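Undergrad: My questions will all concern the structure given below.
Number of protein chains: 2
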Amino acid sequence: MDPAVATATLPELIDKHADLLARAQRATRTREYFSAFPESPSPRVYGEDAAAAGQSAFDALLGTELDLGQPTDGSWVGEEVSPYGIALGVRYPHASNDALLKAALRAVPSWQGATPVQRAAVATEILVRINARSFEMAHAVMHTSGQAFVMAFQAGGPHAQDRGLEAVAYALAEQERHAASVLWEKPQGKRPPLRMTKTFTPVSRGIALVIGCNTFPTWNSYPGMFASLVTGNAVIVKPHPRAVLPLALTVSIAREVLTESGFDPDVVVLAAERTDEPIAAELATDPRVGVIDFTGSTAFGEWLEDNARQALVYTEKAGVNAVIVESTDDYRGALANLAFTLSLYSGQMCTTTQNVYVPKTGVATDEGTKTPDDFVADLASALDTLLGQDDAKAAGILGAIVDDDVARRLEQAAAGPAAIPSRPIEVDAWPDARIRTPLVLRVDAGNRDAYAQECFGPISFVVETETRDDAVALLEDLTDEVGALTAGVYSTDEEFLDEVRTASLRAGVALSENLTGGVFVNQTTAFSDFHATGANRAANATYTDAHFVAGRFRVIEARRHAPPQ
Amino acid sequence: MDPAVATATLPELIDKHADLLARAQRATRTREYFSAFPESPSPRVYGEDAAAAGQSAFDALLGTELDLGQPTDGSWVGEEVSPYGIALGVRYPHASNDALLKAALRAVPSWQGATPVQRAAVATEILVRINARSFEMAHAVMHTSGQAFVMAFQAGGPHAQDRGLEAVAYALAEQERHAASVLWEKPQGKRPPLRMTKTFTPVSRGIALVIGCNTFPTWNSYPGMFASLVTGNAVIVKPHPRAVLPLALTVSIAREVLTESGFDPDVVVLAAERTDEPIAAELATDPRVGVIDFTGSTAFGEWLEDNARQALVYTEKAGVNAVIVESTDDYRGALANLAFTLSLYSGQMCTTTQNVYVPKTGVATDEGTKTPDDFVADLASALDTLLGQDDAKAAGILGAIVDDDVARRLEQAAAGPAAIPSRPIEVDAWPDARIRTPLVLRVDAGNRDAYAQECFGPISFVVETETRDDAVALLEDLTDEVGALTAGVYSTDEEFLDEVRTASLRAGVALSENLTGGVFVNQTTAFSDFHATGANRAANATYTDAHFVAGRFRVIEARRHAPPQ
């Protein structure tokens, strides 16, 4: 804890974060590059001792009971085992759903009674404190998601914090969009005007539920969590049972800042579950819950949409993401970019490309026309260049297989003929980690069953289409049918790019064109890129826009006559 | 048609309406008084000949086939009979749902391809043209809803047009909230920055369905219709079968402006139904429909929310509205205000007060303490002052009973003992109209079954509560249970007013305090008051805020590398 902040009062917090919030709000409008939290884990940025201190802090957590000071039935739960092989042994306080809901409900009125600016300042302070513990958080994210350390630092730390701040900025802007009060004067011809004073109070829906996922426990939870907080909701954070620690730390920091700012810390509580009592469905359908944010499987996401009818439900589910390779004037760049996308975190991102559409007529490149055979061979080389030279470096990109489901799926897919086989990587530091290079299968477009549903993990398909137009049709059709979070295209033909752009508008998926450098189709950046669109089945909302925040509160008006002038 | 506009091109329309739209957008933020369309039917405002011309235009419509130039199966439908007794005899083109959906779908791409500013200019022009035909529209609204002429002119004309413009303003602002494109530059230390060009395209959901109601065919339809239009959706307008004409005129004008502006007129089509083929449910659940706006019964509204799962569904349903009378320093003003509210359009507004809560301990007033007995007697006098002097004047406030359901409900309620009986009003001009003064029943708060559900029409209850706090609890409980669109309170005690304000925030209903003049609890004004809140069962959205417009489109991004500097 930063002692300079520990005694900060609410007005001081508002003052402290006013400029940052103004800049963040501006960035949401201009979509220019903006980041509040540096992504580099360099000692020059976070301090010479930060890395070691973060490691120590993480190590000190292992095998302990993490007391959050929140309602508890006295029992402790937690059985996290790192994809890198160590049992975390961290135990979390357990409470009944009803106890958590009652505590959250008690905390609502005072939080709701604060102004939007006050809530935004508190939320920003929470994010700043989380940022100060980014190394500790990186270890927590690494050892729950299986992400490699640098990725866990960036995606689980600053990038997630930026996504949180983005939600704060939108939620504040939305509540300040209308005047808080007005003197309304309606002319009445020669008679004196009608005069009314009116007040407009943003009122939250009450309790919000955030259901976290295993692979991005912070990045996918912060937008909903901070949007709900700043709009005056109390938030129950329900982590994935295998990725509790990152959100438990988040809740701990939030409760610390809430307490210091004079609020009931139960504005944010953790719902840690025993493995034998999945609680999400019961919490989600409780009449006291007014907002739900969910990241995870399409099946449970759609179940929530269909059954949690008392709540606003925001879901980020799954889809089939595709890239069309039609032509390129930078073949090596395209291959290297694709290889990195397929490899990063073993393809365990909802944004990873699954299908690569290649016309049978070949790909025109700066190195001549490439047949599908050539393309597969060249992609194999690009993967080998990226991952084949140094196992430690490869592991730093691939991370570890997150769970048995992915491992099993990979094993089954690898049993058939592979276009590019997956091979295990062994690193001394983590002998028990399952680290695998991506598996690429080759399939004819006609064999739709093979590639038309999500195969989450390091499994991709080179799909041969008769023509380039067939590739566009396939991208649009599958996005319609099963959803997609990302789409990409390589082409030097502006007319074809236009065609793909139009198809992506119709299908409702964001398009990355000719990525050959340090930007990847599976990555979006807060304040500039929207993550998901809400326009296809893969997600019913986006991080972050007005639609993502505006329903979390409603404006309640009161009006009365103003005294005559 | 204004010949000066008839040949206006799209850039001219944008220029013509830029200032109006800017002022409208400003008003949505400040909530200050603003109106684009004068509410006074005075010849000084609309011209010496406007009233007569409007009457002639309406008369000329009677008994005709209204050719909208839209898809049709060649048959004509229409069986409207005015609550004032005349059969309109207007016939509307009929088409299958599929034909309408196909036509609308064909019209989407070019409309979607226009810019938000272009669509807002076209929509504003449609409203300006509708405004020019406000007298004709007033007759159409009068003879479908049963509203008296002046109310039909105001609520069906300029007030509805203002609500439409408000939706245009919000929909435009929402689409302009983010830059349409950006050059994004991310610093990379000593290396050259990452540079990307990004475009952000608002893309509509495709086809929107507007389901109109019998009592406010235009006022309740325009917000959804214009919000959907400006966000790039084609709109299918499905009027109530007894209130087709006002929306048929609206569709006709919209198609005229669309054609002149170079768009496919099928961007707006009318879905007129035969009485034996209710089409709303089938249209609403068609996979091609992405947005639905509905005003009407709670039962069908909730059916839509539960069943039209492929669409965003905005519903304005019903509730039980209440006013607490605790104390007042202007007893006569309070009574007169209440009497007008109960009388206006025979209480056939979703915003009319149904329950008046009066503590048994009495009401402290500037004329002494009034027992519930006194209060009922004084309310009867106030109603008599308003309605008992001149039948023509009374009819001008009461309008006519809209349908047999209301007439039957009133008859049944009037069969028991009345606190203030309803009496028929006869006017020579409309011998067949059913015109009735409000019925007021008196009931103890304990007899909840009597007053705890909506009794749509001129039926109100004076509900005696043990204490004033019981009245507050009742208002909050019933709003929670069955919803409410409005709430009111009379009190001179600031502490009590605070209590009611807090209860209204919790219950999620707008509150009018101590209305004694020319503003009534059942009326909201565009650009300043929100109609409904979306925070209780009576409606899941409000006219109009960002939440009402932001989901009607999604932003689809495309990004690519920018050339190095």
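So the protein lines, in turn, are chains P and L. Under the numbering used here, the first residue of the first sequence carries the number 36, and numbering increases by one thereafter. Under the numbering used here, the first residue of the second sequence carries the number 36, and numbering increases by one thereafter. All C-beta atoms in this analysis are idealised placements derived from N, C-alpha and C, irrespective of residue type, glycine included. The structure presented is a predicted model; accordingly, all values stated were derived computationally and were not measured.
#1: Taking 7 Å as the threshold (beta carbon to beta carbon), is residue 350 of chain L in contact with chain P?
#2: In chain P, what lies closer than 8 Å to residue 564 of chain L by C-beta?
#3: By the criterion of Cβ-Cβ separation under 8 Å, what are the contact partners of residue 539 of chain P in chain L?
#4: When we look at the beta-carbon of residue 528 of chain L and count the other beta-carbons within 10 Å, is it buried (16 or more) or exposed?
#5: Evaluate residue 503 of chain P with the Cβ neighbour count: other Cβ atoms within 10 Å of its Cβ, from every protein chain shown; 16 or more gives buried, anything less gives exposed.
#6: Cβ atoms of residue 498 of chain L and residue 535 of chain L: under 7 Å apart, would you say?
#7: Tell me the DSSP secondary structure of residue 125 of chain L in three-state form.
#8: Is residue 300 of chain P buried or exposed, if buried means 16 or more other CB atoms sit within 10 Å of its CB?
#9: Can you name the start and end residues of the alpha helix (DSSP H) that residue 233 of chain P belongs to?
#10: Of all the options L:326, L:342, L:510, L:325, which has the alpha carbon lying nearest to the alpha carbon of residue 316 of chain L?
#11: Mind listing the chain L neighbours of residue 141 of chain P? Cutoff is C-beta to C-beta under 7 Å, in chain order.
#12: If you check the beta carbons only, do residue 209 of chain P and residue 565 of chain L fall under 7 Å apart?
#13: Pairs of beta-carbons, one from the stretch 398-418 of chain P and one from the stretch 485-498 of chain P, closer than 8 Å: are there three or more?
#14: Which of the three DSSP states is assigned to residue 349 of chain P in this structure?
#15: Only counting the same chain, and skipping five residues up and downstream in sequence, which positions put a Cβ closer than 6 Å to that of residue 561 of chain L?
#16: Do you know how far the Cα of residue 422 of chain P is from the Cα of residue 429 of chain P?
#17: Kindly identify the DSSP beta-bridge partner or partners of residue 523 of chain P.
#18: For residue 404 of chain L, write down the residues that DSSP places opposite it in a beta bridge.
#19: Would you call the CB atoms of residue 254 of chain P and residue 190 of chain P closer than 7 Å?
#20: What beta strand (DSSP E) runs, 3 residues minimum, are completely inside the stretch 59-84 of chain P?
#21: Name the two residues that bound the continuous beta strand (DSSP E) containing residue 286 of chain L.
#22: Using a Cβ-Cβ cut-off of 7 Å, state whether residue 221 of chain P counts as contacting chain L.
#23: So with CB distances below 8 Å, who are the chain L contacts of residue 439 of chain P?
#24: Please state whether DSSP places residue 268 of chain P in a helix, a strand or coil.
#25: Across which residues does DSSP place residue 596 of chain L in a beta bridge pair?
#26: Quick one: what's got a C-beta closer than 6 Å to residue 134 of chain P's C-beta in the same chain, skipping five residues either side?
#27: Helix, strand or coil: which one does DSSP assign to residue 455 of chain L?
#28: Give the C-beta separation of residue 525 of chain L and residue 258 of chain L to the nearest angstrom, bearing in mind that I take them to be a contact with Cβ-Cβ under 8 Å.
#29: Less than 7 Å separating the beta-carbons of residue 597 of chain L and residue 234 of chain L?
#30: Using only alpha-carbon positions, find the residue among P:365, P:417, P:420, P:383 that is nearest to residue 401 of chain P.
#31: Tell me, please, whether the CB atom of residue 586 of chain L is closer than 7 Å to any CB atom in chain P?
#32: Pull up the distance between the alpha-carbon of residue 479 of chain P and that of residue 442 of chain P, whole angstroms please.
#33: Look at the alpha carbon of residue 150 of chain P and the alpha carbon of residue 323 of chain P, and state the distance between them as a whole number of angstroms.
#34: Starting from residue 365 of chain P, trace the beta strand (DSSP E) in both directions and tell me its first and last residue.
#35: Whole angstroms are fine: how far does the CA of residue 521 of chain L sit from the CA of residue 547 of chain L?
#36: Check each residue of the stretch 43-68 of chain P: if its Cβ is closer than 8 Å to any Cβ of chain L, include it; give the result in chain order.
TA: Short version:
#1: Within the second sequence, numbered from 1, the residue matching residue 350 of chain L stands at position 315. No - not a single Cβ of chain P is within 7 Å of the one on residue 350 of chain L.
#2: Residue 564 of chain L sits at position 529 when you count from the first residue of the second sequence. Residues of chain P passing the Cβ test: 233, 592, 594.
#3: By one-based count along the first sequence, residue 539 of chain P stands at place 504. Those are 591, 593, listed as they occur along chain L.
#4: Mapped onto the second sequence, residue 528 of chain L falls at position 493. The residue in question, residue 528 of chain L, is exposed, as its Cβ has fewer than 16 Cβ neighbours within 10 Å.
#5: Residue 503 of chain P sits at position 468 when you count from the first residue of the first sequence. It counts as buried.
#6: Stepping through the second sequence from its first residue, residue 535 of chain L is reached at position 500. Stepping through the second sequence from its first residue, residue 498 of chain L is reached at position 463. Their beta carbons are not under 7 Å apart, which means residue 535 of chain L does not touch residue 498 of chain L by this criterion.
#7: For this step, residue 125 of chain L is matched to residue 90 along the second sequence. Residue 125 of chain L falls in the coil class under three-state DSSP.
#8: Looking up residue 300 of chain P in the first sequence gives position 265. By the neighbour-count rule (16 or more Cβ atoms within 10 Å), residue 300 of chain P is buried.
#9: What you label residue 233 of chain P is simply residue 198 of the first sequence in a count that begins at 1. Not the alpha helix (DSSP H): residue 233 of chain P falls in the beta strand (DSSP E), residues 226-239.
#10: Here residue 316 of chain L corresponds to residue number 281 of the second sequence, with the count starting at 1. Nearest option by C-alpha distance: L:342.
#11: For the purposes of this step, residue 141 of chain P is taken as the residue at position 106 of the first sequence. Neighbours of residue 141 of chain P on chain L: none; closest Cβ ~14 Å, over 7 Å.
#12: Taking the first residue of the first sequence as position 1, residue 209 of chain P is located at position 174. Taking the first residue of the second sequence as position 1, residue 565 of chain L is located at position 530. Their beta carbons are not under 7 Å apart, which means residue 209 of chain P does not touch residue 565 of chain L by this criterion.
#13: yes
#14: Here the question's residue 349 of chain P lines up with position 314 in the first sequence. In this structure, residue 349 of chain P counts as strand in the three-state DSSP scheme.
#15: The sequence position of residue 561 of chain L within the second sequence is 526, counting from 1. The residues are 197, 198, 201.
#16: Here residue 429 of chain P is taken as the residue at index 394 of the first sequence, counted from 1. Here residue 422 of chain P is taken as the residue at index 387 of the first sequence, counted from 1. Each residue's Cα considered, the two are about 5 Å apart.
#17: Position 488 of the first sequence holds residue 523 of chain P. BP columns for residue 523 of chain P point to P:358, P:547.
#18: In the second sequence, counting from the first residue as 1, residue 404 of chain L sits at position 369. According to DSSP, residue 404 of chain L bridges with L:399.
#19: On the first sequence, residue 254 of chain P is found 219 positions in, with the first residue counted as 1. On the first sequence, residue 190 of chain P is found 155 positions in, with the first residue counted as 1. Cβ atoms of residue 254 of chain P and residue 190 of chain P: closer than 7 Å.
#20: none
#21: What you label residue 286 of chain L is simply residue 251 of the second sequence in a count that begins at 1. Where residue 286 of chain L is concerned, there is no enclosing beta strand (DSSP E), although the alpha helix (DSSP H) it sits in stretches over 280-295.
#22: As a first step, residue 221 of chain P must be located in the first sequence, where it is residue number 186. Chain L contact via Cβ: present.
#23: Numbered from 1 along the first sequence, position 404 holds the residue referred to as residue 439 of chain P. The contacting residues do not exist; residue 439 of chain P stays about 33 Å from chain L at best.
#24: The residue labelled residue 268 of chain P in the question sits at position 233 within the first sequence. Note: residue 268 of chain P maps to coil in three-state DSSP.
#25: Here residue 596 of chain L corresponds to residue number 561 of the second sequence, with the count starting at 1. BP columns for residue 596 of chain L point to L:231.
#26: Start at 1 with the first residue of the first sequence, and residue 134 of chain P comes out as number 99. Same-chain partners within the cutoff: 106.
#27: Taking the first residue of the second sequence as 1, we reach residue 455 of chain L at position 420. Strand at residue 455 of chain L.
#28: On the second sequence, residue 525 of chain L is found 490 positions in, with the first residue counted as 1. On the second sequence, residue 258 of chain L is found 223 positions in, with the first residue counted as 1. That belief does not hold up - the Cβ atoms of residue 525 of chain L and residue 258 of chain L are roughly 30 Å apart, past 8 Å.
#29: Here the question's residue 597 of chain L lines up with position 562 in the second sequence. Here the question's residue 234 of chain L lines up with position 199 in the second sequence. Result no, Cβ atoms of residue 597 of chain L and residue 234 of chain L do not sit closer than 7 Å.
#30: Sequence index remark: in the first sequence, residue 401 of chain P carries index 366 (1-based). Minimum Cα distance to residue 401 of chain P is reached at P:365.
#31: Locating residue 586 of chain L in the second sequence gives position 551, counting from the first residue. It does; some Cβ of chain P falls within 7 Å.
#32: For the purposes of this step, residue 479 of chain P is taken as the residue at position 444 of the first sequence. For the purposes of this step, residue 442 of chain P is taken as the residue at position 407 of the first sequence. Roughly 25 Å separates the two Cα atoms.
#33: Reading the first sequence from its first residue, position 115 is the one you call residue 150 of chain P. Reading the first sequence from its first residue, position 288 is the one you call residue 323 of chain P. When rounded, the distance between both Cα atoms is 23 Å.
#34: Mapped onto the first sequence, residue 365 of chain P falls at position 330. Careful: residue 365 of chain P lies outside any beta strand (DSSP E) and carries neither H nor E.
#35: Position 512 of the second sequence, counted from the first residue, corresponds to residue 547 of chain L. Position 486 of the second sequence, counted from the first residue, corresponds to residue 521 of chain L. Roughly 8 Å separates the two Cα atoms.
#36: 63, 64, 65, 66, 67, 68
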